[in-house]
Amino acid sequence: MSEQLVFRSRWFEDIPVGEFHVFGSHTFGEKEIIDFGKRYAPQPYHTDPEAALDTRYRGLVASGWHISAIWMKLMVSYMERFATGVRDGRRNGAGVGFQNMKWIKPVRPGHTLTYTYEIIEKLDKVVRGQWGIIRSRNEAYNQYGELVFTFEIDILAELNPENRS
Amino acid sequence: MQYWQDIPQGQSYRAGPIVLHKKDILEFAAQFDPQPFHLSSEAADESIFGGLCASGWQVCALMMRLLADTLNDNDIQALGSPGVEQLRWLKPVYADDELSADIKVSGKTEHAEYGDLLCEISVFNQDKKCVMSLSSPIMVAFNPAGGQQ
Numbered sequence: 001m002s003e004q005l006v007f008r009s010r011w012f013e014d015i016p017v018g019e020f021h022v023f024g025s026h027t028f029g030e031k032e033i034i035d036f037g038k039r040y041a042p043q044p045y046h047t048d049p050e051a052a053l054d055t056r057y058r059g060l061v062a063s064g065w066h067i068s069a070i071w072m073k074l075m076v077s078y079m080e081r082f083a084t085g086v087r088d089g090r091r092n093g094a095g096v097g098f099q100n101m102k103w104i105k106p107v108r109p110g111h112t113l114t115y116t117y118e119i120i121e122k123l124d125k126v127v128r129g130q131w132g133i134i135r136s137r138n139e140a141y142n143q144y145g146e147l148v149f150t151f152e153i154d155i156l157a158e159l160n161p162e163n164r165s
Numbered sequence: 166m167q168y169w170q171d172i173p174q175g176q177s178y179r180a181g182p183i184v185l186h187k188k189d190i191l192e193f194a195a196q197f198d199p200q201p202f203h204l205s206s207e208a209a210d211e212s213i214f215g216g217l218c219a220s221g222w223q224v225c226a227l228m229m230r231l232l233a234d235t236l237n238d239n240d241i242q243a244l245g246s247p248g249v250e251q252l253r254w255l256k257p258v259y260a261d262d263e264l265s266a267d268i269k270v271s272g273k274t275e276h277a278e279y280g281d282l283l284c285e286i287s288v289f290n291q292d293k294k295c296v297m298s299l300s301s302p303i304m305v306a307f308n309p310a311g312g313q314q
């Protein structure tokens, strides 16, 4: 059996403000943009490359919610590599909500976004006696280095049992 | 056809319901959010959610569908959205839940080439419990013929 690097998923207390990660990249294909658009955001600029030419986007663009969903996909993949404990579904992962989500520039077929996060705040609030809240700023840059997407999300992280009241 | 000028502050819409089946939850999770509490009933039972539940991003996507259907059904000349000011996931969404959305225009902002409708959106389940709420501006075209603003 080969030796594997195993990190315990971290307690709330162990996660430092200022931690920064570049955690993944994704190239948006025309078909996946259209598939997502037809199912969840049926507007011509998300579903029809021809009709999209006559819209203010001058061509097909990914739904903002597609860009968000890919953030989640890349985050889960990164967390599984970073901390095996995330797989147990208990220590981490439940989102409370987010704010200041901005879709800044169009994401077109063939564009590659690279996603980053930075821990910006640990909220002074305990949920159900067991969870703290980590706030991170998340950004995505396109292949030209332009900021195209940003938001701040609040995610639960389990408190160290030694510190629970 | 409805333009920004045609929609008054305070206007509200009701959309849905959409039924979310277990296979929809598993399919979305496999594609975008493969965490145990979205993929397996056993893992979900032990999680904070207490049962298999939909990804919060799937609830966002379904909200978008309800919003897009509302815009299309009312022939509103929507141009997309610059983002979301705030969103809260308030309750888990489980298999076979029926989701509806209340969409209320709480404000209007005028820009050079289009106007924003600031929308307060609440998504409810079949028990009338609010599972998600958000506020987001929707960009809408001006009436090319001009008119009262």
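Chains as they are written, first to last, in our numbering: chain A, 1 to 165; chain B, 166 to 314.
Glycine included, each C-beta is placed from N, C-alpha and C at the ideal position.
In this structure, Gly-97 of chain A places its C-beta atom within 8 Å of the C-beta atom of Trp-254 of chain B. Look at Val-148 of chain A here: in three-state DSSP terms it is strand. Ser-63 of chain A is not a Cβ neighbour of Gly-24 of chain A, given a cutoff of 8 Å. B:Gln-176 is the residue among B:Met-166, B:Gln-176, B:Tyr-168 whose C-alpha sits nearest the C-alpha of Gly-272 of chain B. With contact defined as three or more Cβ pairs closer than 8 Å, the stretch 296-304 of chain B and the stretch 217-228 of chain B are in contact. Note that the stretch 74-82 of chain A does not touch the stretch 101-110 of chain A; fewer than 3 beta-carbon pairs, one per stretch, sit closer than 8 Å.
In summary, the residues of the stretch 195-219 of chain B whose CB is separated from some CB of chain A by less than 8 Å are Gln-196, Phe-197, Asp-198, Pro-199, Gln-200, Pro-201, Phe-202, Ala-208, Ala-209, Glu-211, Ser-212, Ile-213, Phe-214, in the order they occur in the chain.
Secondary structure of Thr-235 of chain B (DSSP, three-state): helix. Rounded to the nearest whole angstrom, the C-alpha separation of Leu-159 of chain A and Pro-49 of chain A is 48 Å. Along the stretch 222-234 of chain B, the positions whose C-beta sits under 9 Å from a C-beta of chain A are Trp-222, Gln-223, Cys-225, Ala-226, Leu-227, Met-228, Met-229, Arg-230, Leu-232, Ala-233, Asp-234, read in chain order.
For Thr-55 of chain A, no alpha helix (DSSP H) run applies, since DSSP gives it neither H nor E. Annotation: the continuous beta strand (DSSP E) that includes Leu-252 of chain B extends over 248-254. At a cut-off of 8 Å between beta-carbon atoms, Trp-169 of chain B makes no contact with chain A.
Closest option to Glu-30 of chain A, judged by alpha-carbon separation, among A:His-111, A:Leu-53, A:Arg-10, A:Arg-56: A:His-111. By the 16-neighbour rule on beta-carbons within 10 angstroms, His-276 of chain B is exposed.
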